[in-house]
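*Asks:* Right, I'll just put the structure down here and ask away after.
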Ligand SMILES: [Zn+2]
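Residue numbers (UniProt numbering): 1 to 282.
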């Protein structure tokens, strides 16, 4: 079911058991814009079916927040202009060259070009895979792009992110809502989960320059300003405590700087920043 965030903004909640991220819908007087295309044709179709039930202006644009498969593999289903930043465009090219029959999928999984979960999802949620070819995005922007849906502006910006190098966020000033995609998350390199330490404060700055009260995250659905600020504070405190590859030292620094033990989130973040130190020093 489509959740209604405001008179003009809806979203389909993330569904973790199916690796489905949050999908967004912003409606102007004339047109609608979709945020993220879904992890498969079936995910996109499920979303389109929900949209049909609402009396909204035609979908003219689809913005893809970043080039992770679960956010774009449904894009062929939309009869709309697909918009990405230039880095996302480069990264999606690999997937345009792929074939999606079982043998090919298995080959990509073996070569570490595709995750086993992605293969599993496609085997259930991509019919006619034998002939499937991923289309190319239609509009490619560098840094920012503003779209008017009819008395409804959407501001797209490529920002710095601890998750990927190609993160686009979408801000709707009218509603003080921002769609973050996965940008605020960490990432996994060589099976080690980490937050890119050097990008944390530039990212927070990039996001906080927008006057937002509601935040939609790729795998969480919705956060209010207070929840978002707690998240930034915990990440920042954890980041400040990590000055070397020593977890023990970082835990000690945290206690000294904050006069308390780290909570569970902060403990998790400290480990992720220590992992980042290890990856950077490799
Ligand atoms: Zn992602």
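Backbone N, C-alpha and C fix where the C-beta goes; we use that ideal spot for every residue, glycine too. Note that the structure is a prediction, hence the values are computed from the model and not measured.
1. What's the gap between the Cα of residue 120 and the Cα of residue 98?
2. Please list the terminal residues of the continuous beta strand (DSSP E) segment that includes residue 181.
3. Which partner residues of residue 27 appear in the DSSP bridge assignment?
4. Taking the DSSP output, what are the residues bridged to residue 4?
5. Could you tell me the distance, in whole angstroms, from the CA atom of residue 238 to the CA atom of residue 267?
6. Hey, could you find the ends of the alpha helix (DSSP H) residue 200 is sitting in?
7. If the criterion is Cβ atoms closer than 8 Å, does the pair residue 275 and residue 192 meet it?
8. Can the beta-carbon of residue 168 be found less than 8 Å from the beta-carbon of residue 66?
9. Excluding the 5 residues preceding and the 5 following residue 165 in the sequence, name in chain order all residues of the same chain whose CB lies nearer than 7 Å to its CB.
10. Would you kindly work out how many angstroms separate the C-alpha atoms of residue 3 and residue 11, rounded to a whole number?
11. Within 8 Å, do at least three Cβ pairs link the stretch 113–132 to the stretch 141–159?
12. Is residue 163 near ligand 1 - that is, is its Cβ less than 7 Å away from at least one heavy atom of it?
13. How many Å lie between residue 196 and residue 176 at the Cα?
14. Give the range of the beta strand (DSSP E) segment to which residue 185 is assigned.
15. When you measure from the CB of residue 218 to every non-hydrogen atom of ligand 1, does any distance come out below 7 Å?
16. Shortest alpha-carbon distance to residue 171 belongs to which of 81, 214 and 248?
17. Could you tell me which uninterrupted beta strand (DSSP E) segments, each at least 3 residues in length, are contained entirely in the stretch 52–87, listed from first to last along the chain?
18. Using alpha carbons as the reference points, say which of 218, 112 and 187 lies closest to residue 272.
19. Do residue 34 and residue 49 have their CB atoms nearer than 8 Å?
20. Between which two residues does the beta strand (DSSP E) containing residue 167 stretch?
*Replies:* Let me lay it out:
1. What you label residue 120 is simply residue 120 of the chain shown in a count that begins at 1. What you label residue 98 is simply residue 98 of the chain shown in a count that begins at 1. Between residue 120 and residue 98, the C-alpha separation is close to 16 Å.
2. Along the chain shown, one-based indexing puts residue 181 at 181. 177–181 is the span of the beta strand (DSSP E), which, as asked, contains residue 181.
3. Here residue 27 is taken as the residue at index 27 of the chain shown, counted from 1. DSSP output for residue 27 lists 32 as bridge partner(s).
4. Along the chain shown, read from residue 1 onward, the residue named residue 4 stands at position 4. Its beta-bridge partners are 10.
5. The sequence position of residue 238 within the chain shown is 238, counting from 1. The sequence position of residue 267 within the chain shown is 267, counting from 1. So the two alpha carbons sit approximately 7 Å from each other.
6. Counting from one through the chain shown, the residue named residue 200 turns up at place 200. That run of the alpha helix (DSSP H) goes 197–208.
7. Position 275 of the chain shown, counting from 1, holds the residue named residue 275. Position 192 of the chain shown, counting from 1, holds the residue named residue 192. It is a contact, given that the beta carbons lie within the stated cut-off.
8. Here the question's residue 168 lines up with position 168 in the chain shown. Here the question's residue 66 lines up with position 66 in the chain shown. In this structure, residue 66 lies closer than 8 Å to residue 168 by Cβ.
9. Numbered from 1 along the chain shown, position 165 holds the residue referred to as residue 165. The residues are 87.
10. Translated into positions along the chain shown, residue 3 becomes position 3. Translated into positions along the chain shown, residue 11 becomes position 11. Computed Cα separation, rounded: 5 Å.
11. The stretch 141–159 is not in contact with the stretch 113–132.
12. Position 163 of the chain shown, counted from the start, is the residue given in the question as residue 163. Correct: residue 163 has its Cβ closer than 7 Å to ligand 1.
13. Here residue 196 refers to the residue found at position 196 when the chain shown is read from its first residue. Here residue 176 refers to the residue found at position 176 when the chain shown is read from its first residue. Going from the Cα of residue 196 to the Cα of residue 176 covers about 27 Å.
14. Along the chain shown, read from residue 1 onward, the residue named residue 185 stands at position 185. Premise fails: residue 185 is in no beta strand (DSSP E) and is neither H nor E.
15. If you number the chain shown from 1, residue 218 lands on position 218. Residue 218: yes, Cβ under 7 Å from ligand 1.
16. Here residue 171 refers to the residue found at position 171 when the chain shown is read from its first residue. Closest option to residue 171, Cα to Cα, is 214.
17. 59–63 and 81–85
18. By 1-based counting over the chain shown, the position of residue 272 is 272. Closest option to residue 272, Cα to Cα, is 187.
19. For this step, residue 34 is matched to residue 34 along the chain shown. For this step, residue 49 is matched to residue 49 along the chain shown. With contacts defined by Cβ atoms closer than 8 Å, residue 34 and residue 49 do not form a contacting pair.
20. Indexing the chain shown from 1 puts residue 167 at position 167. Here the beta strand (DSSP E) through residue 167 covers 167–172.
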